[in-house]
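Here the structure comes first, spelled out in structure tokens, and everything after it is commentary.
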Ligand code: ADP
Ligand code: MG
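See the structure below:
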């Protein structure tokens with residue numbers, strides 16, 4: 001047996017550094033988080049060569065006292081928590097006291113800092129974990145951290161770095177997430193001397209979203225804001241169904257001001273779009289979830305980008321409900337985009353006041369912690385101290401609640417959802433059916449807006465909603481000559497495994513050998529010619545979603561039936577029929593077809609006037 005030796009401190013530091021400091025982006029994240037924890041209102045991030053040769057983060061926060069400057073670089077040195085109780089309700093972004101030690105172990109670091117109340121500041125340099133020099137210095141209040149030559153002493157790590165451009169891009173992405181997570185902090189990003197981003201620090205999330213994601217994307221967003229049982233607050237923005245993207249890259253989730261990746265929150269947002277967005281498209285979103293600090297464990301991941309909720313199910317319900325409500329309340333319509341004319345600024349999106357405050361606390365955990373407050377401008381007052389009872393000290397070893405599988409969460413969410421209240425029959429503002437063009441588009445005039453309605457898409461949605469509301473269960477019709485379906489093996493198997501489910505929808509299926517499926521019965525109102533396509537679609541839906549969405553096969557069936565039952569483009573329709581479709585669209589009940597295409601687009605008088613140069 002080889003002898004067991006305890007590693008020397010500097011080797012242990014290098015190993016620990018590997019966890020926290022993976023690449024320039026992780027250094028920047030840690031440094032900016034420190035600045036935010038220090039109460040900064042302005043933070044400037046500068047990088048050169050993708051952050052490999054230089055990272056400089058300057059803040060106007062509380063600074064570090066001269067006597068603490070060296071301590072800050074020691075492992076497990078932190079001002080943010082003091083005992084195990086603090087760990088159960090973390091209100092700051094940092095808490096492990098590892099980052100500065102880890103960064104200084106693998107780079108040349110200079111610190112320049114002055115607390116506002118001190119006359120003189122401190123300048124300190126640390127290289128490879130060893131203090132090189134320290135002196136008093138005149139400097140502005142706040143802190144500047146300069147990190148040079150990252151990984152100069154760990155060649156193995158250096159080898160794994162990508163090209164500067166790629167490292168720089170991931171630094172930028174990290175800065176963007178920080179800016180979205182803290183709209184109350186004005187963050188500026190400079191890459192190789194060029195300013196690439198600046199948020200105003202107004203505390204208004206929409207301002208930060210504008211600066212970070214750009215005006216175009218921000219215009220396609222609707223506001224989300226809902227409380228859940230007084231325990232959770234969901235706020236932020238989601239894209240309208242027609243502005244969904246080809247990737248999940250535009251989804252940003254935050255819990256108590258911390259960027260996280262969380263499958264429950266992702267599933268909840270996407271589920272809220274079911275039957276409204278196109279298949280293979282993903283909503284863009286910036287979702288802030290505020291919870292009580294003791295209902296989330298942020299100490300489960302080295303980079304703290306994963307969190308563990310005490311009640312996943314409630315998180316799903318809160319996020320799902322908030323997004324669904326926002327989508328239902330949105331009555332903006334896509335407008336015709338004319339060249340030369342900028343789309344009008346949507347004024348339906350009201351500014352979202354959401355400065356995020358830092359919740360600092362050093363007392364033991366009280367029973368009821370305040371909800372992380374994303375709307376208050378000021379700091380949440382510290383809760384009253386609760387006497388520490390050692391014999392009954394709260395512990396971390398309480399039994400682990402298993403995370404409920406997604407499908408279960410979704411199922412509960414559905415059950416919890418109150419049945420949709422039918423919209424109040426409102427008096428519609430006067431409108432006029434102008435006519436129809438191309439046997440496809442209904443034209444309506446209402447006030448100063450002209451609406452073009454896709455009659456098929458709108459009618460399809462009307463049928464779909466009606467079938468869903470009636471909990472449609474079709475009659476089965478036995479087929480005189482059964483249809484033989486030849487599908488890819490796994491598609492056939494997916495159908496046969498769900499035989500009972502499909503029976504409820506009016507299909508009778510049998511295995512036919514060699515991967516084929518025999519269809520003995522089909523829903524009475526499904527055209528025989530559509531049986532094959534419908535079943536192939538159902539199989540694909542089952543394979544794609546697994547069992548995650550028990551409603552998926554049913555939705556596919558309803559989509560198909562609704563599509564078949566709807567009036568078609570190219571068909572001649574009586575004006576009365578067109579009028580009914582137009583009325584449903586104008587009432588706001590019908591907005592997207594079940595596949596996420598818009599049913600109507602608007603053209604305004606102002607747009608036409610600009611185009612004709614009348615204004
Ligand atoms: P943590 O953030 O987990 O406490 P760090 O290693 O990141 O650990 O920082 C150590 C300590 O240094 C912090 O707790 C804080 O007191 C101090 N510190 C670091 N950066 C700053 C800053 N920009 N402004 C003020 N204090 C800072
Ligand atoms: Mg830190």
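In my numbering, the protein residues as written are 1 to 615.
Built from N, CA and C at the ideal position, the CB exists for glycine as well.
Query	Result
Contact between the stretch 106-124 and the stretch 141-149 (3+ Cβ pairs under 8 Å)	yes
Beta bridge counterpart(s) of residue 42 as assigned by DSSP	186
Three-state class that DSSP yields for residue 526 in the structure shown	coil
C-beta atoms of residue 510 and residue 521 nearer than 7 Å	no
Cβ-based neighbour list, residue 289, same chain, cut-off 8 Å, excluding 5 preceding and 5 following	232, 233, 234, 253, 254, 255, 256, 265, 315, 318, 319
Local conformation of residue 112 per DSSP, three classes	strand
Reduced DSSP secondary structure (H/G/I, E/B, other) of residue 97	coil
Candidates 557, 300, 479: closest to residue 505 by CA position	557
Cβ pair count under 8 Å reaching 3, the stretch 148-157 against the stretch 170-189	no
Residue of 106, 456, 322, 277 minimising C-alpha distance to residue 155	106
Residue 78: CB within 6 Å of a non-hydrogen atom of ligand 1	yes
Segment contact flag, the stretch 475-490 with the stretch 595-615, C-beta cutoff 8 Å, min 3 pairs	no
Residue nearest to residue 46 in terms of C-alpha spacing, selected from 33, 28, 61, 40	28
Stretch-stretch touch, CB-based, cutoff 8 Å, three pairs: the stretch 446-462 with the stretch 577-595	yes
First through last residue of the alpha helix (DSSP H) which encompasses residue 261	Careful: residue 261 lies outside any alpha helix (DSSP H) and carries neither H nor E.
Helix, strand or coil at residue 224 [DSSP, three-state]	strand
beta-carbon residue 59 near ligand 1 non-hydrogen atom, thresh 6 Å	yes
By C-beta, the residues closer than 5 Å to any heavy atom of ligand 2, given in chain order	34, 94, 99
Limits of the unbroken beta strand (DSSP E) element including residue 485	476-486
Inter-stretch contact at 8 Å, needing at least 3 Cβ pairs: the stretch 193-205 / the stretch 53-63	no
Reduced DSSP category for residue 274 - H, G, I as helix; E, B as strand; rest coil	coil
The stretch 319-328 contacting the stretch 234-244, beta-carbon criterion three pairs below 8 Å	yes
Sequence-distant residues of its chain with Cβ nearer than 8 Å to residue 484 (five each side left out)	512, 516, 517, 518, 519
Paired residues, beta bridge with residue 621 - DSSP	The requested residue 621 is not part of the displayed model; the chain covers only 1 to 615.
Closest residue to residue 295 among 308, 286, 303, 304 (Cα-Cα distance)	308
beta-carbon residue 143 near ligand 1 non-hydrogen atom, thresh 6 Å	yes
Beta-carbon proximity list for residue 211, same chain, < 8 Å, skipping 5 on both sides	179, 197, 198, 199, 200
Residue ranges of each alpha helix (DSSP H) within the stretch 5-63, 4 or longer	9-20, 24-37
Separation of residue 334 from residue 271, as counted between CA atoms	22 Å
Residue 386 to residue 81 span [Cα, whole Å]	The predicted position of residue 386 is uncertain, since its pLDDT is 36 and thus under 50; no value can be drawn from it.
Any non-hydrogen atom of ligand 1 closer than 6 Å to residue 461 Cβ	no
Distance CB(residue 440)-CB(residue 569) smaller than 7 Å	yes
Three-state secondary structure assigned by DSSP to residue 133	strand
Ligand 1 heavy atom lying under 6 Å from the CB of residue 499	no
Through-space distance from residue 41 to residue 186, alpha-carbon basis	6 Å
Beta-ladder partner(s) of residue 441, from DSSP	437, 454
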